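J.:
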Amino acid sequence: MKTEPGPLRMIPRQAGGATINTMARDDSPVRRMDANGNLVDSAPGRHLTAVAATPSRCAVTRASRMTTSTVTGTAPASSPPRSATGSMAERRPQPLVFDPALSLGWEGSPIDGLSCLLRCVEAVLRARGLTRLEVARALALPVDLAGRRRQPGRFRSGWLAWRNAVDGRTHWDEFRRLVRSGQPVLLMPDRYYWPGDEFEGRRHFLDHMVLAVGLNDTRLVVLDTDAPPADDYRRPLAVTPELMRGACRFATIHFASPRDTAETLRETLLAPGADWLSADMPAVSGFAESWRKQGLTGPLARGLHVVALGEIQPNLYLTSVAVAEEFPDVTAAAGRAAAGARHLGRLLLAAHRYAGDRPDDRSVYEPAIDSFLRLRTALDEYTDVVHHRLGRYRTQRPGDPEALWKRVARTSRWCFAEDVAAPTSDTNAGGLPMISLSPPLALTRSQELLARAARVDATMAYSGYVLPRDQMVPGEYPMYGERAQGSYIWDVDGNRYLDLFLAGGTIILGHVDPVVSEAVVREIRDGFAITLRKKVQVELAELLTDVVPYAERVFLLKSGSDATSAAVRLSRAHTGRERVIRWGYNGWHDWCANRPNGVPESARQSVSTFDFNDLDSLRLEFDRYPGEVACLLMMPFEEVPPALGFLEGAADLARENGALFVLDEMRSGFRVALGGAQERYGVRADLVTFSKAMANGYPISALVGREEVMRTVVNVHIGSTFHINGAEMAAAVATIGRLRDTSVLKDVETLGTMLQRGLAEQIAAGAVEAHVLGVPQMPFMRFHHADERLRQLAQDAFYTETIRRGILLHPNHHWYISGTTTADDIAALLDATAAGFMAAEAAVSRG
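For the sequence shown, position 699 (counting from the first letter as 1) is numbered 699 according to the numbering used here, and the numbering increases by one without interruption.
1. Mapping DSSP to helix, strand and coil, what is residue 106?
2. Do residue 735 and residue 694 have their CB atoms nearer than 8 angstroms?
3. Taking the beta strand (DSSP E) that residue 140 belongs to, which residues open and close that run?
4. Is the region 294–305 close to the region 233–243, with three or more CB pairs under 8 angstroms?
5. So for residue 849, helix, strand or coil by DSSP?
6. Could you name the residues of the same chain whose beta carbon sits closer than 6 angstroms to that of residue 840, not counting the 5 residues immediately before and after it, in chain order?
7. When DSSP builds the beta bridges, which residues end up paired with residue 771?
8. Alpha carbon to alpha carbon, how far is residue 808 from residue 493? Give it in angstroms, no decimals.
9. Residue 701 and residue 562: beta carbons closer than 8 angstroms?
10. Do the CB positions of residue 133 and residue 122 come within less than 8 angstroms of each other?
11. Comparing C-alpha positions only, which one of 776, 733, 706, 758 sits nearest to residue 520?
12. Out of 344, 690, 338, 605, state which residue places its alpha-carbon closest to the alpha-carbon of residue 303.
13. Candidates 764, 555, 674, 155: which alpha carbon is nearest residue 740's?
14. Out of curiosity, what's the CA-to-CA distance linking residue 487 and residue 823?
15. One question on the structure: do residue 383 and residue 285 come within less than 8 angstroms of each other, judged by their Cβ atoms?
16. Give the secondary structure of residue 591 by DSSP, where H, G and I count as helix, E and B as strand, and everything else as coil.
17. Quick one: any contact between the region 651–669 and the region 563–575, if contact means 3 or more CB pairs under 8 angstroms?
18. Whole angstroms are fine: how far does the CA of residue 99 sit from the CA of residue 235?
19. Hey, out of 293, 507, 532, 805, whose CA is closest to residue 748's CA?
20. Taking the C-alpha atoms as reference points, what is the distance between residue 74 and residue 157?
21. Distance, Cα to Cα, residue 180 vs residue 153?
22. May I have the straight-line CA-CA distance separating residue 406 from residue 529, to the nearest angstrom?
23. Going by alpha carbons, who is nearest to residue 378 out of 109, 759, 245, 313?
24. Between the region 709–723 and the region 771–789, are three or more C-beta pairs nearer than 8 angstroms?
25. The alpha helix (DSSP H) with residue 701 in it runs from where to where?
26. Less than 8 angstroms between the beta carbons of residue 232 and residue 408, yes or no?
27. Between residue 581 and residue 381, what straight-line distance do the alpha-carbon atoms span, to the nearest angstrom?
28. Which same chain residues, not among the five before or five after residue 549, have their C-beta less than 6 angstroms away from its C-beta?
29. Taking the alpha carbon of residue 477 as the reference point, which residue from 457, 450, 334, 455 has its own alpha carbon closest?
30. Could you check the C-alpha separation between residue 517 and residue 438 for me, to the nearest Å?
31. In three-state terms, what does DSSP make of residue 481?
32. Could you pull the start and end residues of the alpha helix (DSSP H) that residue 570 belongs to?
33. Going by CA-CA distance only, name the one from 289, 209, 362 that's closest to residue 251.
34. Give me, in chain order, the residues of the same chain whose beta-carbon lies closer than 7 angstroms to that of residue 554; leave out the 5 immediate sequence neighbours on both sides.
35. What three-state label does DSSP hand residue 668 in the structure shown?
36. For residue 253 and residue 216, what's the separation of their Cα atoms in angstroms?
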């Protein structure tokens with residue numbers, strides 16, 4: 001028969017002449033301290049053996065004390081956090097002890113995973129009956145590298161009530177009353193030397209947090225992460241005037257059991273942490289660059305190890321435990337970043353000891369920079385994973401480019417009374433070293449609009465759509481444009497750019513083409529949204545069947561995602577099958593969304609993919625699902641052109657297996673040839689989708705194909721109120737007509753070939769490793785280096801130089817050329833890329 005646990009109470013014990021307290025219920029086994037300081041339970045002769053561990057410096061509470069708010073811990077890279085759910089036995093109140101077997105993250109040292117402040121709070125919460133999961137959720141906070149965002153002393157489900165005095169003797173009576181009443185009290189002494197509390201061979205006094213658990217007139221007993229394991233981390237201290245004077249800061253602990261749901265974890269822990277890290281990551285890069293160029297001083301290194309072990313490690317470790325049940329992907333990423341912070345902190349501690357009497361020798365910290373860079377990468381990955389889990393793109397949020405340096409400097413000043421000189425690194429607003437040969441652009445109005453939009457525009461979560469801010473060089477690229485004409489655009493600050501991104505590839509004739517504009521204006525004046533279909537719809541359908549090979553019927557829609565999703569629905573209805581094999585970016589609808597948030601798992605289970613240019617990989621997918629595949633839907637290429645015979649082989653495999661072959665020509669259509677990839681590569685598709693360049697920037701898409709397949713449209717539901725609007729159709733008729741009647745597509749290919757050859761020559765003549773990719777109409781280039789840090793440095797330096805010279809290139813997406821681009825434009829572009837390669841080479845050599 002089960003019995004309910006008795007009421008929670010404090011049981012006084014005797015230890016070293018002082019009264020101490022242990023949390024227990026009336027029916028709990030009682031632990032006590034014998035005369036030798038051993039912790040024993042109520043059964044005679046049974047001693048509780050402490051897990052042997054090498055005590056680590058507990059300087060990690062410095063970071064938390066600077067804001068008087070808590071910090072959190074790291075998960076080991078090699079193993080996931082222990083199960084946090086807790087058994088019923090684990091839910092019972094525990095003795096007020098530091099127990100490695102029950103503590104969060106405790107591997108070999110008390111400050112593995114948690115700081116000494118958090119270890120003290122954890123002991124209290126465990127004693128009050130909270131499970132490991134509840135403790136983690138009670139203590140977990142978003143990482144704040146700037147150290148200015150969290151309210152001091154506040155957690156998500158509790159707070160620390162601090163008492164502060166210049167001289168601890170003024171409130172010693174209150175401290176004594178609280179401890180003797182059975183209430184555990186956090187104590188952060190000032191100007192008091194704890195036995196054994198030394199750093200670099202010196203005593204120091206702003207270092208440590210302990211938990212007062214027992215007190216009489218002559219002796220104070222504390223739980224202390226620096227106390228010997230053999231003494232169960234308990235330390236008796238003589239009550240002296242010096243101790244009383246040093247007890248100038250103490251706090252009582254007030255927590256409720258957390259009642260988190262997946263939604264509250266997202267909103268109060270993950271979302272703010274991701275936003276803050278997004279704003280602070282450029283400052284991390286700037287700190288790395290300053291370290292690389294100037295070295296790391298002893299004071300700066302000491303402040304950094306405190307931030308690593310006292311802010312980054314514990315917060316991410318506790319997050320990894322807190323969200324393990326709801327968000328396992330976040331748990332894994334947080335654990336890796338936490339482990340990286342712990343590795344960096346321990347490495348810096350070892351370097352401090354090695355420095356010894358050479359505190360100004362910056363070379364001793366050089367080996368730690370690789371650990372810092374790995375931590376930066378892990379933090380980046382964690383931020384990406386959280387944004388992915390939140391269902392939004394990562395954004396470049398405004399932040400202080402020196403935020404991390406300022407935090408480290410404040411920490412060093414607070415904990416070690418050491419001032420740190422300001423960095424002299426010439427970094428830009430994003431923390432990038434100014435290796436550029438050109439002065440920075442004026443982007444004041446663009447930044448002002450960015451700040452305004454962040455308050456009201458939900459699309460800010462998607463990085464501004466056309467120009468994703470998280471993929472640019474931070475602080476260098478404009479975000480808002482004023483106007484465009486031909487091959488050029490002007491931003492709101494008046495800067496002019498040769499546009500090689502062309503609104504994501506939707507512009508083929510050039511910006512504001514007069515023929516297209518006239519056709520659209522004429523349609524608008526006549527009424528482009530009327531109850532009946534317009535004649536222009538018939539004209540466009542006839543034009544598409546004329547210029548697109550094998551197109552017998554046309555279905556006009558609005559977006560690329562509309563068209564590809566319509567193709568999938570049509571294919572399933574025509575074949576009576578459900579499975580889809582796809583490749584490339586095919587849109588945002590459920591069946592192909594890149595991010596899982598909001599997408600039913602069932603929508604993804606019937607879709608699979610394969611390796612491009614690998615027919616064996618594709619054949620394996622068909623063999624895995626015999627008789628189940630409705631269609632093979634794919635882009636004809638992306639950065640790498642299709643291998644000879646690959647597209648024909650893919651089409652043959654589809655038809656051999658009773659599936660339709662669908663080409664997604666959002667990017668290639670009306671760009672590589674008038675008839676698209678079918679014309680260019682001699683392949684035949686059952687269905688083809690078009691958008692982007694089809695109407696020179698106006699929103700329209702088309703699904704075309706064989707009459708036998710397209711007639712199935714009458715048996716499926718695909719529709720929209722705006723599908724019959726005439727303005728975009730008029731733009732498409734004018735655009736396709738211009739492409740058919742002029743040499744635009746031939747000129748675009750010629751200029752693209754000129755650009756690719758020029759880039760290849762510059763790469764061959766230089767010392768930076770890069771490769772020219774893509775087809776001439778959509779060229780691209782990627783940097784390479786065995787060291788990822790140097791590769792990123794080269795890329796950032798290159799694109800910083802080119803954007804400052806008025807060339808708008810996307811660093812992470814292929815480029816486009818329009819019909820108004822000229823040979824002189826390509827020459828100017830190559831002049832800019834030559835300077836970009838020089839900047840990249842300088843960045844790598846200095847790196």
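Note that CB positions come from ideal geometry on N, CA and C, so glycine has one too.
Given the structure is predicted, the values throughout are model-derived calculations rather than measurements.
T.: Once the coordinates are examined:
1. coil
2. yes
3. First-last for residue 140: undefined, no H or E at that position.
4. As far as the Cβ criterion goes, the region 294–305 does not touch the region 233–243, which means the pair count is below three.
5. Nothing about residue 849 can be reported from this structure: the residues present for the chain run from 1 to 847 only.
6. Cβ contact annotation for residue 840 (same chain, cutoff 6 angstroms, sequence separation greater than five): 768, 794, 797, 798, in chain order.
7. 782
8. 15 angstroms
9. At a Cβ-Cβ threshold of 8 angstroms, residue 701 and residue 562 count as neighbours.
10. no
11. Per the C-alpha coordinates, the member of 776, 733, 706, 758 positioned closest to residue 520 is 733.
12. 344
13. 674
14. 12 angstroms
15. No, the Cβ-Cβ distance between residue 383 and residue 285 is not below 8 angstroms.
16. Here residue 591 sits in coil by DSSP.
17. yes
18. 15 angstroms
19. 507
20. Annotation note: pLDDT 32 at residue 74 (below 50); position unreliable, no value reported.
21. 24 angstroms
22. 57 angstroms
23. Answer by Cα proximity: 313.
24. no
25. Not the alpha helix (DSSP H): residue 701 falls in the beta strand (DSSP E), residues 701–705.
26. no
27. 29 angstroms
28. 675, 678, 679
29. 450
30. 36 angstroms
31. strand
32. For residue 570, the enclosing alpha helix (DSSP H) covers residues 560–575.
33. Comparing alpha carbon positions, the residue from 289, 209, 362 closest to residue 251 is 209.
34. 541, 544, 545, 702, 704
35. coil
36. 21 angstroms
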